[in-house]
Each structure stands twice: as C-alpha cells, then as structure tokens.
Amino acid sequence: MQRKMKILGVAIILVITLFSLTGCLNRKEIVAEQNNTNTEEKEEENVRYLDFDRTREFEYDTVELSQTVNFKATNYVVDRDFNALFSHEGNAEAFIDGYMQLQDKTDENKLNFLDKNGNIVYTVDKTKYKDIELVEKGCLILTEQTDTYNTSQTVTGVYSLEEEKYVLEPSEEYVSKIRTYGDNMLVINDEDTKFFNLSTKSIVEYPERVSEEFRDGYSVTDDNDNFEVWYLKVFDDKGNVKRIKSVYTQEEIITGNEHENGMSFETNSEVYKDEQTGSDRIRTLCSIYNLETGEAVDLSNEFWSVSNKPHFTKDGYALVVFSNQGGTPYYTVIDKKGNKLFEPNKLNDYNGFGGDNNGEPRKIITEDLGEGNYFIVADEGVTKVIDKDNNEVLTAKENETFEGITNNVVMVHWKESGANERYYYKDISGNEVKVKLSEDFKEI
959 MQRKMKILGV AIILVITLFS LTGCLNRKEI VAEQNNTNTE EKEEENVRYL DFDRTREFEY
1019 DTVELSQTVN FKATNYVVDR DFNALFSHEG NAEAFIDGYM QLQDKTDENK LNFLDKNGNI
1079 VYTVDKTKYK DIELVEKGCL ILTEQTDTYN TSQTVTGVYS LEEEKYVLEP SEEYVSKIRT
1139 YGDNMLVIND EDTKFFNLST KSIVEYPERV SEEFRDGYSV TDDNDNFEVW YLKVFDDKGN
1199 VKRIKSVYTQ EEIITGNEHE NGMSFETNSE VYKDEQTGSD RIRTLCSIYN LETGEAVDLS
1259 NEFWSVSNKP HFTKDGYALV VFSNQGGTPY YTVIDKKGNK LFEPNKLNDY NGFGGDNNGE
1319 PRKIITEDLG EGNYFIVADE GVTKVIDKDN NEVLTAKENE TFEGITNNVV MVHWKESGAN
1379 ERYYYKDISG NEVKVKLSED FKEI
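Note that the working numbering has the sequence shown beginning at 959, numbered continuously upward.
Given below as structure tokens:
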C-alpha cells in the first residue's frame, strides 16, 4: 500500500512539473511572438510608401511615376519589384533602357547620365560636342568637332556607359549618317546596309538595303516574284536575310507591319461575291508567320473577319477578336502554331458607334494580351482580368476600373462620386501593390 502511494505521489509531481514547464514554454512562445510582431510593426513604421498621380506602363525594367504636391511634380524611378530608387524634379531629357539624361543643376554646360539607381555614371561637357544622344543599351552617340586656326575635324562614335569606353570608335565615316533604326540597331551608312548592333556591340552588314526599322530582332518588309507570288522578306539583327512564302494562292500582299516577338499576324481584306444576294462583300484573310523558323499558317477559315491587330507576347500567345459571317463578334487566344487555347466566346457588339446590343454581357477592354498573358474584359460594366485560357482571375471591386496590365500587375483607377479618386496597382491575387521607397533611395 505504501509503495502504491509513493508511485502515485511521484506521478502527481511529474504531472505538475510538466504542466509548469508547458506553461513556461507557452509564455515564452507568446512573448517571442509578441516581440516579433512589435519588431515587424516597428519595421513597417519605418517603411515609406509613395502616393502617385496615376499608373503608367513599365518600359524596359522600370517605370517613372509622378507625385504632385502643391502643384509641383516630382518624378520617381521605380523598379519591377516596386521599389522607388530615386526621384528628380522636372522632366528628364531622355530615359532609355535604365539610363537617364539630366541637365546638371549647377552647371548649364554639363549633362549628367544616371543609371537606374540614380548614380551619376558619366558627365559630359556640352561645349565639347556638337551632338549628344542617349540610345539603348546604355550607349551614347557622340559627335565631336576639333578645331585649330586652319583645320576642323568632326567625328562620330558610340560610347558605352557600362564599359566606359567607345564601342564604335569615332570616325568621319559616321558623321551625319549614324542614327537609330528601331530596337538596338544604329544605321551607319547612307545606303542603309551597314549597322551597329547595340546588343552585341558589333557591325552588321546586309547584301541589300534594309527599308524597315528593327523590332524585337527583325526588320520585315514585303517581297514578290513578278507580283504574282508574295513573300515576307526578313532581316535578323545578325545579318541574315530570308524569305517566307505567303500562304495565299491569290495575289495578296503580306507586309509584316504588325510583327512582334518574332511573330507576324497578317490580315488582308478580300472582296468576294455573296452567293445568296449576288452582291460584293468584304472578308478578312489572315495568316501567321514565325520569323525565326519560317513556318506559315493560314487561319482564314478559322477567323472570318478579324477586328483587332493581334500581337504575340514573348511567351508566344495572341488574343484574336473577330466576327463570323453574320457579324457576331467572338474572341479567343492562339499559340504560335495557330491552335486555339479555348473555344471562341461571344462578345457584345455594341460599341457606341454602331452594332446592335446582342444581349451578351462581355466586352473586350484591352485588345492585346499584356505581360503574363492576361487581358481585360467588362461584364455588365464590371472590369475583370482574364488569363490566356479564358479563366477569370480578378474582378474589380466597387468604384474600381481596370485600365491595363503591366509587369504582371493590373493598373487600377478608383473613383467615387465626386472628386475622390486615386490610381494604384494590384497583383493578380487582388492585393494592392504599394510602391516602397528603397533603403538606398535618393533625391537627385
């Protein structure tokens, strides 16, 4: 009996001890959690956020947002993580590919060139140069005139801010000839056959004149065989030239005017005889061309009359808005081979200038896919974000209107009755994306 009592006593002591220890641990966890929360709140208190006048689309890796206080505007450079890197007053003379050209505040003869973090990486004395131009990839076209009492020499070259040297040595050969020619390309002769590629920092030559500016690595124009068979003539930025044959059997011109991200969506109007009425009608011939592979696909039987100008995204998708033979509008998304990602959906065809309200709730707001392959529609006036597979991923709340998509976020305009309004960004999950002043933020 005494042995049982001893065992019972030990058990009770163990339970009490365990309970006490558990209580201590819980109290420590609670205190630690409170301390963490207090730290986070203190950190949050130290974070400064930017209110801005309205949203803008990102270009390259940054966006410039303005904030007006007492009728005075300040511009902020913001990166893709929504960190405000630096601010400046007034307008930049140029802001290209992460580099900015600003007039020096204290010396009117000096130009400063800043990187996207607001650091001055190069300063130029304007009196020493006849012309200074900031172009892509952090390069400057510099034209310098050197004079003596009985001589004068003018040379032009390309200087790299990143490499801190000339990447195209100054020469009289380039004076009054060198100029921008689309994305990352400078033409450097009168015949438009010799170029300087800003991406590769190399000279590129072609066997014939390049008549159209480069876009996303290609210059595209029309070509033909005796005006009977038509082609796209494609110049890539490495000096290669090829032709892609038209898919049409008729004499339909293809031009490549709407090419983007290595793909061209061609539309042509065709007059045909309506078998039922005997009258002439117009329809659209359409086809897509892969500028890299040379593959061409005729989509004329898929889309009767295309009403938007489809552009392919970097991921290889394009939004197509079209009407059938009866004039009813539809939309779908295609890939680079012309495959539809979903069965075309009907749209409301009333646009304020014509067309009857056919009872469909949906209208297209953005007629191209934005970054992330999203686009915006309005259902009964409520704007929504739709993904490439036609899934609704975000709906505007009361007083909100979705105006565009950039950097995988939505550009939002919120407006109440009266004068209350503001602009902000939202991510695809519906959270407001705040612009934070970075730890290294500076005022220029």
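Idealized CB from N, CA, C, for every residue including glycine.
Can you check whether the CB of residue j is closer than 9 Å to the CB of residue i?
{"i": "Val1192", "j": "Asn1215", "result": "no"}
{"i": "Ser1045", "j": "Tyr1057", "result": "no"}
{"i": "Asn1142", "j": "Ser1157", "result": "yes"}
{"i": "Glu1120", "j": "Gly1096", "result": "yes"}
{"i": "Leu1243", "j": "Ser1222", "result": "no"}
{"i": "Glu1260", "j": "Lys1298", "result": "yes"}
{"i": "Leu1475", "j": "Asn1041", "result": "In the structure as shown, the chain begins at 959 and stops at 1402. Residue 1475 is therefore absent and cannot be evaluated."}
{"i": "Thr1020", "j": "Asp1037", "result": "yes"}
{"i": "Tyr1382", "j": "Glu1390", "result": "yes"}
{"i": "Ile1054", "j": "Glu1094", "result": "yes"}
{"i": "Asn1303", "j": "Thr1290", "result": "yes"}
{"i": "Val1133", "j": "Thr1151", "result": "no"}
{"i": "Ala1276", "j": "Asp1326", "result": "yes"}
{"i": "Val1116", "j": "Ile1099", "result": "yes"}
{"i": "Lys1196", "j": "Asn1147", "result": "no"}
{"i": "Ile1363", "j": "Thr1324", "result": "yes"}
{"i": "Leu1043", "j": "Asn1075", "result": "yes"}
{"i": "Ser1265", "j": "Val1255", "result": "no"}
In the structure shown, what three-state DSSP assignment does residue i receive?
{"i": "Tyr1132", "result": "helix"}
{"i": "Thr1085", "result": "helix"}
{"i": "Asn1248", "result": "strand"}
{"i": "Asn1033", "result": "strand"}
{"i": "Asn1303", "result": "strand"}
{"i": "Asn1004", "result": "helix"}
{"i": "His1217", "result": "coil"}
{"i": "Thr975", "result": "Below a pLDDT of 50, predicted positions are generally treated as unreliable, and Thr975, at 47, falls in that range; no measurement from the model is reported."}
{"i": "Gly1328", "result": "strand"}
{"i": "Thr1290", "result": "strand"}
{"i": "Tyr1182", "result": "For the sequence presented, residue 1182 should be read as Asn rather than Tyr. In the structure shown, Asn1182 sits in a strand (DSSP, three-state: E or B)."}
{"i": "Gln1234", "result": "coil"}
{"i": "Leu1352", "result": "strand"}
{"i": "Glu1210", "result": "coil"}
{"i": "Gly1140", "result": "strand"}
{"i": "Met959", "result": "Residue placement at Met959 cannot be trusted, given a pLDDT of 46 that sits under 50; the coordinates are not used to answer."}
{"i": "Phe1399", "result": "strand"}
{"i": "Trp1262", "result": "coil"}
{"i": "His1269", "result": "coil"}
{"i": "Glu1091", "result": "strand"}
{"i": "Arg1173", "result": "strand"}
{"i": "Asn1357", "result": "coil"}
{"i": "Val968", "result": "The pLDDT assigned to Val968 is 44, lower than 50, so where the model puts this residue is not dependable, and the model offers no usable value."}
{"i": "Leu1285", "result": "It is Gly, not Leu, that sits at residue 1285 in the sequence shown. DSSP places Gly1285 in coil when its eight states are reduced to three."}
{"i": "Ile1323", "result": "coil"}
{"i": "Ser1160", "result": "strand"}
{"i": "Phe1403", "result": "The displayed coordinates of the chain run from 959 to 1402. Any statement about residue 1403 would go beyond what the structure contains."}
{"i": "Asp1194", "result": "strand"}
{"i": "Ile1386", "result": "coil"}
Where does residue i land, buried or exposed, given buried means 16+ other C-beta within 10 angstroms?
{"i": "Val1370", "result": "buried"}
{"i": "Asp1105", "result": "exposed"}
{"i": "Ile1090", "result": "buried"}
{"i": "Gln992", "result": "Only weak support is given to the placement of Gln992: the predicted model assigns it a pLDDT of 47, under 50, and the value that follows is read from those uncertain coordinates. By the neighbour-count rule (16 or more Cβ atoms within 10 Å), Gln992 is not buried but exposed."}
{"i": "Glu1224", "result": "buried"}
{"i": "Ser1474", "result": "There is no way to answer for residue 1474, as the model of the chain reaches only from 959 to 1402."}
{"i": "Tyr930", "result": "The structure shown does not extend to residue 930, since the chain is modelled only from 959 through 1402, so no value can be given for it."}
{"i": "Gln1059", "result": "buried"}
{"i": "Asn1319", "result": "In the sequence on display, residue 1319 carries Pro and not Asn. Exposed is the call here."}
{"i": "Val1343", "result": "buried"}
{"i": "Thr1026", "result": "exposed"}
{"i": "Gly1312", "result": "With a pLDDT of only 49 at Gly1312, under 50, the local geometry of the prediction cannot be trusted, and no value is derived from it."}
{"i": "Pro1268", "result": "buried"}
{"i": "Gly1388", "result": "exposed"}
{"i": "Asp1181", "result": "buried"}
{"i": "Ile1240", "result": "exposed"}
{"i": "Glu1401", "result": "exposed"}
Which one or two residues does DSSP pair with residue i in a beta bridge?
{"i": "Ser1222", "result": "Tyr1247"}
{"i": "Thr1112", "result": "Gln1103"}
{"i": "Asn1070", "result": "Leu1060 and Thr1081"}
{"i": "Glu1017", "result": "Thr1020"}
{"i": "Gly1048", "result": "Bridge partners of Gly1048: none, in fact."}
{"i": "Glu1228", "result": "Arg1241"}
{"i": "Gln1025", "result": "Thr1032"}
{"i": "Ile1146", "result": "The partner list for Ile1146 (beta bridge, DSSP) is empty, contrary to what the question assumes."}
{"i": "Ile1334", "result": "Val1343"}
{"i": "Arg1380", "result": "Trp1372"}
{"i": "Phe1280", "result": "Val1264 and Tyr1288"}
{"i": "Phe1010", "result": "Note: Phe1010 sits in no beta bridge, so no partner."}
{"i": "Leu1098", "result": "Leu1092 and Tyr1117"}
Any beta carbon of chain D sitting closer than 9 Å to that of residue i?
{"i": "Lys1074", "result": "The structure shown contains no chain D; it is built from a single protein chain."}
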